[in-house]
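Chains as they are written, first to last, in this note's numbering: chain S, 325 to 638; chain G, 40 to 466; chain Z, 17 to 213.
One structure is given below, encoded as structure tokens.
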Amino acid sequence: DTWRYAHEEYEGDVQDVFAYDFKEYVEENSEHTVQVYRFGELGESDDIMGQTLSGILQFVNQSPGFTGSLIPSAQIFFIPYLLPTDMDTVVEFFRESEAINQMFPKIYADHGLKLIQMYPEGEMVVTANEPITSPADFNDKKIRVMTNPLLSATYEAFGATPTPLPWGEVYGALQTNMIQGQENPIFWIQSGGLYEVSPNLTFTKHGWFTTALMANLDFYQGLPEEEQKMIMEAGDYAFNKIIKHIDGLAQEALDKIMADCKECTVTRLTEEQIDAFQARAPQVKEKFLSMTGETGEKLLNQFQEDLKEVQKDK
Amino acid sequence: MATIMMVIMIGLLLLGFPMMVPLIAGAIVGFVMMFDGFGQMGTFIQQMMAGIRPASLIAVPMFILAADIMTRGQSADRLINMVMAFIGHVKGGLAISTAASCTLFGAVSGSTQATVVAVGSPLRPKLLKAGYSDSFTLALIINSSDIAFLIPPSIGFIIYGVISETSIAELFIAGIGPGLLILLMFSIYCLIYAHLNKLPTEDKSTWGQRAVAVREALWPLFFPVIIVGGIYGGIFSPTEAAAVCVLYAFLLEFVVFKSLKFPDIYRISKSTGLITAVVFILVAVGTSFSWIISFAQIPQSLLDSIGISEMGPVGVMIAISVAFFIACMFVDPIVVILVLTPIFAPAIEATGLDPVLVGVLITLQVAIGSATPPFGCDIFTAIAIFKRPYWEVVRGTPPFIVMLLTAAGLIMAFPQIALFLRDLAFR
Amino acid sequence: MSDNSPDLDDDTGTFESGLPGVLGTIDVFISKLEAFLLAAGVMLMAINTCINVIARYVLGEGLFFSGEINRILIILITFAGIGYAARHGRHIRMSAVYDTIPVKGRRVLMIFIALVTSVLMFFLCYHSYFWIETLYSRGRILPALGIEIWWIYIWAPVGFAITGIQYLLTAIKNLTSKDVYLSTGVTDGYADTESEV
Ligand code: NA
Ligand code: NA
Numbered sequence: 325d326t327w328r329y330a331h332e333e334y335e336g337d338v339q340d341v342f343a344y345d346f347k348e349y350v351e352e353n354s355e356h357t358v359q360v361y362r363f364g365e366l367g368e369s370d371d372i373m374g375q376t377l378s379g380i381l382q383f384v385n386q387s388p389g390f391t392g393s394l395i396p397s398a399q400i401f402f403i404p405y406l407l408p409t410d411m412d413t414v415v416e417f418f419r420e421s422e423a424i425n426q427m428f429p430k431i432y433a434d435h436g437l438k439l440i441q442m443y444p445e446g447e448m449v450v451t452a453n454e455p456i457t458s459p460a461d462f463n464d465k466k467i468r469v470m471t472n473p474l475l476s477a478t479y480e481a482f483g484a485t486p487t488p489l490p491w492g493e494v495y496g497a498l499q500t501n502m503i504q505g506q507e508n509p510i511f512w513i514q515s516g517g518l519y520e521v522s523p524n525l526t527f528t529k530h531g532w533f534t535t536a537l538m539a540n541l542d543f544y545q546g547l548p549e550e551e552q553k554m555i556m557e558a559g560d561y562a563f564n565k566i567i568k569h570i571d572g573l574a575q576e577a578l579d580k581i582m583a584d585c586k587e588c589t590v591t592r593l594t595e596e597q598i599d600a601f602q603a604r605a606p607q608v609k610e611k612f613l614s615m616t617g618e619t620g621e622k623l624l625n626q627f628q629e630d631l632k633e634v635q636k637d638k
Numbered sequence: 040m041a042t043i044m045m046v047i048m049i050g051l052l053l054l055g056f057p058m059m060v061p062l063i064a065g066a067i068v069g070f071v072m073m074f075d076g077f078g079q080m081g082t083f084i085q086q087m088m089a090g091i092r093p094a095s096l097i098a099v100p101m102f103i104l105a106a107d108i109m110t111r112g113q114s115a116d117r118l119i120n121m122v123m124a125f126i127g128h129v130k131g132g133l134a135i136s137t138a139a140s141c142t143l144f145g146a147v148s149g150s151t152q153a154t155v156v157a158v159g160s161p162l163r164p165k166l167l168k169a170g171y172s173d174s175f176t177l178a179l180i181i182n183s184s185d186i187a188f189l190i191p192p193s194i195g196f197i198i199y200g201v202i203s204e205t206s207i208a209e210l211f212i213a214g215i216g217p218g219l220l221i222l223l224m225f226s227i228y229c230l231i232y233a234h235l236n237k238l239p240t241e242d243k244s245t246w247g248q249r250a251v252a253v254r255e256a257l258w259p260l261f262f263p264v265i266i267v268g269g270i271y272g273g274i275f276s277p278t279e280a281a282a283v284c285v286l287y288a289f290l291l292e293f294v295v296f297k298s299l300k301f302p303d304i305y306r307i308s309k310s311t312g313l314i315t316a317v318v319f320i321l322v323a324v325g326t327s328f329s330w331i332i333s334f335a336q337i338p339q340s341l342l343d344s345i346g347i348s349e350m351g352p353v354g355v356m357i358a359i360s361v362a363f364f365i366a367c368m369f370v371d372p373i374v375v376i377l378v379l380t381p382i383f384a385p386a387i388e389a390t391g392l393d394p395v396l397v398g399v400l401i402t403l404q405v406a407i408g409s410a411t412p413p414f415g416c417d418i419f420t421a422i423a424i425f426k427r428p429y430w431e432v433v434r435g436t437p438p439f440i441v442m443l444l445t446a447a448g449l450i451m452a453f454p455q456i457a458l459f460l461r462d463l464a465f466r
Numbered sequence: 017m018s019d020n021s022p023d024l025d026d027d028t029g030t031f032e033s034g035l036p037g038v039l040g041t042i043d044v045f046i047s048k049l050e051a052f053l054l055a056a057g058v059m060l061m062a063i064n065t066c067i068n069v070i071a072r073y074v075l076g077e078g079l080f081f082s083g084e085i086n087r088i089l090i091i092l093i094t095f096a097g098i099g100y101a102a103r104h105g106r107h108i109r110m111s112a113v114y115d116t117i118p119v120k121g122r123r124v125l126m127i128f129i130a131l132v133t134s135v136l137m138f139f140l141c142y143h144s145y146f147w148i149e150t151l152y153s154r155g156r157i158l159p160a161l162g163i164e165i166w167w168i169y170i171w172a173p174v175g176f177a178i179t180g181i182q183y184l185l186t187a188i189k190n191l192t193s194k195d196v197y198l199s200t201g202v203t204d205g206y207a208d209t210e211s212e213v
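Here you go:
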């Protein structure tokens with residue numbers, strides 16, 4: 325059969341590379357073919373999720389931030405400083421976390437989705453009109469965020485004024501000082517040229533841009549067991565390849581930015597500076613709990629345990 | 040599947056069905072063939088709603104409302120009077136004034152039709168009286184009104200920006216250069232035409248009269264300042280600028296000029312709502328249509344079959360221009376933008392062409408095509424408004440079409456015509 | 017650029033129903049309601065968007081529910097408007113070929129056009145109703161306003177139904193009269209002179 329797979333990014337971006345790795349594995353190990361649709365081809369995030377739920381699409385890759393209106397607890401990834409900060413620990417976290425590997429699949433299944441793989445795309449980096457070293461630096465700054473209440477809560481907690489804007493307007497809005505900053509993984513900052521109009525990069529270490537591959541649950545359960553197994557293996561295969569792909573991707577993008585932009589600055593927060601931001605995290609947790617109730621509380625507790633677990637090994 | 044959809048759509052279109060019907064029918068056929076029946080019509084409806092969801096589309100009714108208020112009030116006349124006071128007396132001045140007034144009113148209005156009404160209606164009797172032939176006059180009015188489509192605000196840019204995820208603010212700014220270039224070309228043609236036909240000139244206005252005309256037009260001249268200045272200065276998004284224009288138009292016509300009375304606002308809002316609905320239902324069904332052709336991967340196979348991958352950026356620009364030009368000779372511009380933009384999207388992305396440049400080219404082609412026989416919809420607008428026969432309306436258009444196509448060629452050869460101001464503002 | 021009757025005077029002022037008796041009264045009432053919703057929708061949208069701009073300057077941030085209100089209004093305007101446009105024969109069409117046909121042929125063609133369009137409208141009415149049911153069952157809400165999302169789409173099936181009825185009436189009107197009618201109240205502009213020949 326032809327299986328249809330939609331994601332939220334452009335050609336060559338992380339989700340696209342992941343999709344083609346997944347496709348490669350499926351096509352080598354079965355009679356099926358996978359048709360990949362990129363951003364905008366079948367609509368926006370809301371649309372491709374709806375199409376997956378109604379069974380037109382078999383697979384959808386979507387970031388929990390967008391899944392949030394369907395599965396509120398998926399927004400947990402927007403709570404600042406909940407994930408570890410360095411690459412190795414993050415990878416280990418995604419491989420071993422009980423929250424991610426046991427609890428989330430159950431939550432997704434309740435909404436008609438088979439969670440195949442969650443994976444990190446990159447660390448969030450803030451760009452602004454001046455370097456950010458403390459929450460006070462965020463005062464009077466309008467920071468562009470994706471349309472998501474919890475993400476807005478994070479930037480409110482940091483002291484900024486969160487401003488939801490569609491991606492297409494971000495460059496112009498920064499250029500004309502309608503907003504004073506934004507956050508994104510570094511390779512988007514590079515490929516979108518955002519550093520040209522927002523030259524001060526701050527590594528706040530507050531979170532990773534995370535995304536997830538899902539399948540329509542009825543479709544998945546209707547498959548013979550060996551094909552179900554093959555799909556999950558394809559997810560593992562793509563995960564292993566994407567981890568290698570994103571390793572170094574961030575550094576490469578940063579090098580390109582610094583080569584191209586003389587006025588650009590890079591600020592990496594020190595432990596004490598991070599503490600000042602981290603002190604603001606509890607109010608975001610509160611907001612998360614008020615939005616998600618008991619499910620959210622269990623998930624959050626498990627996340628924190630998992631985090632301790634992986635950090636203990638270090 | 041693509042062939043069947045095409046045949047059905049063109050057939051229904053030519054028979055004179057409301058334009059939403061060919062799109063609905065084409066899309067339904069696509070859904071039925073793709074999913075073996077009506078099982079996925081929910082997605083059809085869902086995509087319709089997704090089509091009218093983008094917040095940027097709010098700018099469309101707002102700009103229509105602002106232009107509607109001003110067309111019924113005094114702003115248009117005051118702008119025309121000012122232009123006339125300055126260039127009415129030169130050879131061909133009346134014709135040049137018409138083109139210039141269209142350009143200036145274009146900075147207020149998002150649509151060709153509104154401009155034809157606002158500028159064409161009062162100036163056509165004057166042109167005829169001065170000895171310009173009717174076919175020249177009609178062609179001048181139609182084609183000059185098309186400049187309004189390139190000068191911000193422009194409904195074409197808004198729809199293209201929403202469909203292609205391109206910044207509407209950047210498109211707006213990029214339209215100014217080409218709009219002025221075309222005004223320049225038209226003005227030269229008017230000058231030559233007036234000399235060849237030995238047309239008389241108008242009386243020269245005194246500086247006193249000019250001062251009065253400028254003072255009268257001062258208030259309406261703030262519109263371009265709000266729109267262009269607002270966007271340049273990062274004060275407004277295009278949608279916000281549209282809302283501010285409405286507020287300003289309201290204050291101007293209802294409070295300052297007192298040309299309209301409060302009950303008029305109900306009538307004007309109703310008329311704006313009607314035009315908006317007629318456009319947005321097309322946007323809605325057009326989105327379902329482009330969803331199904333995208334799902335069936337028709338754009339890719341269509342583009343492969345014309346060998347677009349070997350064309351390179353210039354070849355792609357030419358292919359896009361030709362396709363939009365031809366389509367707009369037959370079909371309403373909104374429909375063309377809705378249907379063709381997603382088809383060419385993969386090629387635009389693959390060649391790395393600047394989507395803003397492509398947007399300007401597309402909008403220009405839309406403007407040209409819709410003034411080109413046989414069926415360009417501007418022709419029928421002119422027939423309806425001026426009650427003139429088809430042949431009379433069409434006869435004077437060739438020189439204008441040649442000039443507009445030259446402008447398109449120049450923009451392809453020198454993209455900076457469009458991109459210079461954009462780069463100045465946004466890069 | 018896209019209203020095919022760009023005459024900016026109010027040509028939709030009066031509406032006479034094609035239906036007899038009580039049904040006619042109801043139809044005229046619906047027409048008035050549509051007109052009111054159109055005008056109110058546009059005015060509210062203008063007010064809402066203006067207030068949002070002002071709030072962004074005075075309070076430093078826009079109103080968080082402004083976008084959702086506009087989203088509701090645009091659906092209202094679109095679907096109240098398609099029925100109203102059908103009543104007044106204002107949907108955009110490419111009539112160049114149609115116009116060359118003599119009056120009898122045009123009448124037959126118009127009956128065909130109106131019937132097919134009517135069927136398609138009822139078809140979309142039916143499917144949008146079931147789509148709203150699906151939305152209802154998924155229970156999503158508008159994040160800022162907190163109301164269930166299916167509410168905002170209620171106008172879709174209603175608008176399609178009214179449009180379908182209007183085109184059906186247009187077909188009947190053409191079947192029972194000598195002139196060609198674009199809608200129940202609007203002749204196609206050539207019929208008057210030609211039918212006298
Ligand atoms: Na314009
Ligand atoms: Na035009």
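Note that beta-carbon positions come from the ideal geometry of N, C-alpha and C, so glycine has one too.
Remember, predicted model here, so these are calculated numbers, not experimental data.
* **Contact belief for G/LEU162 with G/THR142 at Cβ below 8 Å, rounded distance in angstroms** => Wrong, their Cβ atoms sit about 13 Å apart, outside the cutoff.
* Asked: Is there contact here, the region 84-100 of chain G with the region 194-211 of chain G, by at least three beta-carbon pairs under 8 Å?
  -> Result yes; three or more Cβ-Cβ pairs closer than 8 Å.
* To do: Please work out which residues of its chain come closer than 7 Å, Cβ to Cβ, to G/MET87, disregarding the five sequence neighbours upstream and downstream, and give them in chain order.
  => ALA323, VAL324, THR326 and SER327
* Z/GLY121 (DSSP reduced to helix, strand or coil) -> DSSP places Z/GLY121 in helix when its eight states are reduced to three.
* To do: Give the secondary structure of G/THR380 by DSSP, where H, G and I count as helix, E and B as strand, and everything else as coil.
  => In the structure shown, G/THR380 falls within a helical segment according to DSSP collapsed to helix, strand and coil.
* Among residues of its own chain, excluding the 5 on either side of G/MET58, which ones have a beta-carbon nearer than 8 Å to its beta-carbon? -> LEU52, LEU321, VAL370, ASP371 and VAL374
* To do: Could you tell me the distance, in whole angstroms, from the CA atom of G/PHE275 to the CA atom of S/VAL494?
  => Going from the Cα of G/PHE275 to the Cα of S/VAL494 covers about 13 Å.
* S/MET538, enclosing alpha helix (DSSP H) - first and last residue -> Careful: S/MET538 lies outside any alpha helix (DSSP H), inside the beta strand (DSSP E) at 532-540.
* Please go through the same chain and pick out, in chain order, the residues whose beta-carbon is closer than 7 Å to the beta-carbon of S/LEU541, but skip the five residues on each side of it. => ALA433, GLY436, LEU437 and LYS438
* Tell me which same chain residues have a C-beta within less than 8 Å of the C-beta of G/ILE43, skipping the five on either side of it? -> VAL68 and MET72
* If you scan the region 335-413 of chain G from start to end, which runs of the alpha helix (DSSP H) of 4 or more residues do you find wholly inside it? -> 337-344, 351-367, 372-390 and 394-408
* Where do the ends of the alpha helix (DSSP H) carrying S/GLU447 lie? -> No alpha helix (DSSP H) contains S/GLU447, which is instead part of the beta strand (DSSP E) from 437-452.
* the region 41-61 of chain Z in contact with the region 297-317 of chain G per 3-pair CB rule at 8 Å -> A contact exists between the region 41-61 of chain Z and the region 297-317 of chain G.
* From which residue to which residue does the alpha helix (DSSP H) around S/GLU618 run? -> 605-636
* **CB contact below 9 Å: Z/LEU79 versus chain G** => By this cut-off, Z/LEU79 is not an interface position.
* Assign S/VAL634 to one of two classes, buried (16 or more other C-beta atoms within 10 Å of its C-beta) or exposed (fewer than that). => With 16 or more other Cβ atoms within 10 Å, it is buried.
* Straight-line gap, S/GLN575 to S/HIS530 (C-alpha atoms, nearest Å) -> 18 Å
* Asked: Counting along the chain, where does the beta strand (DSSP E) carrying S/TRP327 start and finish?
  -> It spans 326-330 - the beta strand (DSSP E) in which S/TRP327 sits, taken as one unbroken run.
* Inter-residue spacing [alpha-carbon to alpha-carbon] between G/ALA447 and G/THR402 -> 10 Å
* Out of curiosity, what's the CA-to-CA distance linking Z/SER21 and G/GLN339? -> Note that Z/SER21 has pLDDT 36, beneath the 50 cutoff, so the model's placement of it is unreliable and the number below is only indicative. So the two alpha carbons sit approximately 37 Å from each other.
* Are the Cβ atoms of G/ILE450 and G/LEU396 separated by less than 9 Å? -> yes
* Asked: When the cut-off is 9 Å and only beta carbons count, does G/PHE459 lie next to chain S?
  -> no
* **Cβ-Cβ separation, Z/GLU84 to Z/ALA151 (assumed contact under 8 Å), whole Å** => The sequence shown places Leu at residue 151 of chain Z, not Ala. Actually they do not touch by this definition, with Cβ atoms about 15 Å apart.
* Asked: When you compare only the Cα positions, how much space is there between G/GLY268 and S/ALA536?
  -> 43 Å
* Apart from the five residues on each side of it in sequence, which residues of its chain come closer than 6 Å, Cβ to Cβ, to S/HIS331? -> GLN339, ALA343 and ASN385.
* Output yes or no for whether 9 Å exceeds the beta carbon distance between S/PHE449 and S/PRO486. => Phe is not the amino acid found at residue 449 of chain S; the sequence shown has Val there. No.
* Shorter than 9 Å from the beta carbon of Z/THR65 to some beta carbon of chain S? -> Chain S contact via Cβ: absent.
* Note down, in chain order, all residues in the region 498-524 of chain S with a beta-carbon under 7 Å from any beta-carbon belonging to chain G. => GLN499, THR500, ASN501 and MET502
* Asked: Helix, strand or coil: how does DSSP classify S/THR471 here?
  -> coil
* Asked: In chain Z, what lies closer than 9 Å to S/LEU394 by C-beta?
  -> ARG154 and ARG156
* DSSP three-state assignment for G/ARG111, whether helix, strand or coil -> helix
* To do: Keeping to the same chain, check which residues put their C-beta closer than 7 Å to that of S/PHE563; ignore five residues upstream and five downstream.
  => GLN441 and TYR443
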